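Q: Residue numbers for the sequence shown follow the UniProt record's numbering, so the first one is 1 and each next one is one higher.
All C-beta atoms, glycine included, are put in the ideal place defined by N, C-alpha and C.
From a predicted model like this one, the values you see are computed outputs, not experimental measurements.
Would you mind keeping the following structure in view while I ask a few things?
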Amino acid sequence: MLGPVILAASRSDKMRRFVSAAPGTKQVVDRFIAGETVEDVIPIVQDITGRGLEVTLDVVGEDITTVEQSYAARDAYLELIGRLKELGLGERAEMSVKLSMFGQSLPSPAGGPSGPAAAFPNGHELALANVRPVVEAAAGIGTTVTLDAEDHTTLDSMFAIHQELRKDFPQTGCVIQAYLFRTEEDARRLAADGSRVRIVKGAYKEPASVALQDKSEIDKAYVRIMKILMDGEGYPMIGSHDPRLISIGQELARRAGRKLDEYEFQMLYGIRSEEQNRLAAEGHRMRVYTAYGTDWYGYFMRRLAEKPANLLFFARSILTK
Ligand code: FAD
């Protein structure tokens, strides 16, 4: 019941100001966000990779409102990739990006007829132009980028950008969400194309016209989609903390005849770390989605929405400060 309310709050500026200023917030945010700067996150990447796990790094941010912010997003990822290169961490760390942080949702013409991005007819083209150098730089250090899935209105654009990037960088990944009615068809297309695909349950507030609302129905859809990916030509990335889905994933991989390096598991930084270590110790490729940066509000609120106990913990830490 609380989840949809928190997800609605994740898009409210008033709530953003309240939550950001509340005493006690930082303590809870730190559980999910690995610092504010590249220098904060690097020791965490070293720790995770030192334990035999991989990472995917997310500079938090979404729904930017100016063209300058979209350039800043691109530059933040380029700075990160530069640091990974210096430290020789490229092969263990990939990047995850949200295209709405790269300008995808800006109105057209992006920046106005004479604005700084007048060369781009719309936000879609701007996001593509901003993300391409990031994908290119990632490829230059032996790694890749995965395009996160945001709300359903953004997905046609995300898949088109994914397809475009794959022409030059076939390792570019994307995310599909089990709760959407469209996803089984997307999974079939991506699996036949040999794509890297992360499957997740879905973290946004979506209407019943486009998405399943019942948790057990979403789990059943997740299993059907995992099967499509495991039986296909691509590289499945199982993004979940759900122990039942993880063991079904292992079984589907075994039945599809996949070796341990032909799929992977992914979990979020700060959630079920022992299970992350356990899967890695069993020989699985286990990647930790590690988010950092200052614009953490939307990401943080989605983590609260996923587990009501997080909200109680958060409320207690505010009240006791
Ligand atoms: P759940 O049934 O929600 O959780 C299973 C168990 O995991 C819970 O019982 C609990 O013990 C633990 N758990 C789960 N979430 C939390 C939490 N927040 N705090 C504490 N414990 C928790 N969604 C998108 O819409 N787009 C994306 O691009 C996207 N990328 C993701 C990348 C990764 C690597 C992962 C793991 C998730 C991503 N998500 C994304 C979020 C996803 O859609 C789900 O909202 C989230 O993973 C919770 O679903 P679950 O499969 O873990 O199952």
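Alpha carbon to alpha carbon, how far is residue 165 from residue 132? Give it in angstroms, no decimals.
A: Each residue's alpha carbon lies about 7 Å from the other.
Q: Residue 185 by DSSP, collapsed to three states: which one?
A: Three-state DSSP puts residue 185 in a helix.
Q: Can you tell me where the alpha helix (DSSP H) holding residue 101 begins and where it ends?
A: Per DSSP, residue 101 belongs to no alpha helix (DSSP H) and is neither H nor E.
Q: Between the segment 85-92 and the segment 60-71, do at least 3 Cβ pairs fall closer than 8 Å?
A: no
Q: Going by C-alpha distance, which of 12, 312, 54, 207 is nearest residue 297?
A: 12
Q: Using C-beta distances below 7 Å, list every residue in its chain close to residue 210, excluding the 5 sequence neighbours before and after it, in chain order.
A: 152, 180, 181
Q: By a C-beta neighbour count over all protein chains shown, 10 Å radius and 16 as the cutoff for buried, is residue 216 buried or exposed?
A: exposed
Q: Would you mind stating whether residue 154 and residue 99 have Cβ atoms separated by less than 8 Å?
A: Yes.
Q: Taking the alpha-carbon of residue 304 as reference, which of 203, 244, 147, 320 has the nearest alpha-carbon?
A: 203
Q: Measure how close the beta-carbons of residue 73 and residue 101 come, nearest whole angstrom, since I'm counting them as under 8 Å.
A: 4 Å
Q: How many Å lie between residue 25 and residue 6 at the Cα?
A: 15 Å
Q: Can you tell me where the alpha helix (DSSP H) with residue 315 in it begins and where it stops?
A: 308-319
Q: Measuring from the CB of residue 277, is there a heavy atom of the ligand FAD at a distance below 7 Å?
A: no
Q: Measure the C-alpha to C-alpha separation of residue 172 and residue 206 and round it to an integer number of angstroms.
A: 26 Å
Q: Is the segment 13-32 touching the segment 233-245, taking contact as three or more C-beta pairs under 8 Å?
A: no
Q: Measure the CB-CB distance between residue 149 and residue 177 and report whether it falls below 8 Å.
A: Using a Cβ distance threshold of 8 Å, residue 149 and residue 177 count as a contacting pair.
Q: So for residue 153, helix, strand or coil by DSSP?
A: helix
Q: Count the other CB atoms, across all protein chains shown, that sit within 10 Å of the CB of residue 287; report buried if there are 16 or more and exposed otherwise.
A: buried
Q: In chain order, what residues of the same chain lie with their CB nearer than 7 Å to the CB of residue 232, ignoring the 5 residues before and after it?
A: 191, 192
Q: The ligand FAD heavy atoms versus the CB of residue 29: any closer than 7 Å?
A: Not so, every heavy atom of the ligand FAD lies at least 7 Å from the Cβ.
Q: From the DSSP output, read off the bridge partner residues of residue 175.
A: In the DSSP assignment, residue 175 is bridged to 198.
Q: Please determine, among 269, 273, 135, 198, the residue with the shortest C-alpha to C-alpha distance to residue 300.
A: 269
Q: So, using beta-carbon positions, are residue 184 and residue 225 closer together than 8 Å?
A: In contact: residue 184 and residue 225 (Cβ atoms closer than 8 Å).
Q: From the DSSP output, read off the bridge partner residues of residue 55.
A: 93, 288
Q: Mapping DSSP to helix, strand and coil, what is residue 120?
A: coil
Q: Could you have a look at residue 25 and say whether DSSP puts it in helix, strand or coil?
A: Reduced to three states, the DSSP call for residue 25 is helix.
Q: Grouping DSSP H, G and I as helix and E and B as strand, with all else coil, what is residue 264?
A: strand
Q: Where does residue 201 land, buried or exposed, given buried means 16+ other C-beta within 10 angstroms?
A: buried
Q: According to DSSP, is residue 235 helix, strand or coil?
A: strand
Q: Throw me the rounded Cβ distance for the residue 147 and residue 124 pair, which I believe falls under 8 Å.
A: At roughly 13 Å, the Cβ-Cβ gap does not stay under 8 Å, so residue 147 and residue 124 are not in contact.
Q: Where DSSP assigns a beta bridge to residue 145, which residues make up the other side?
A: 95
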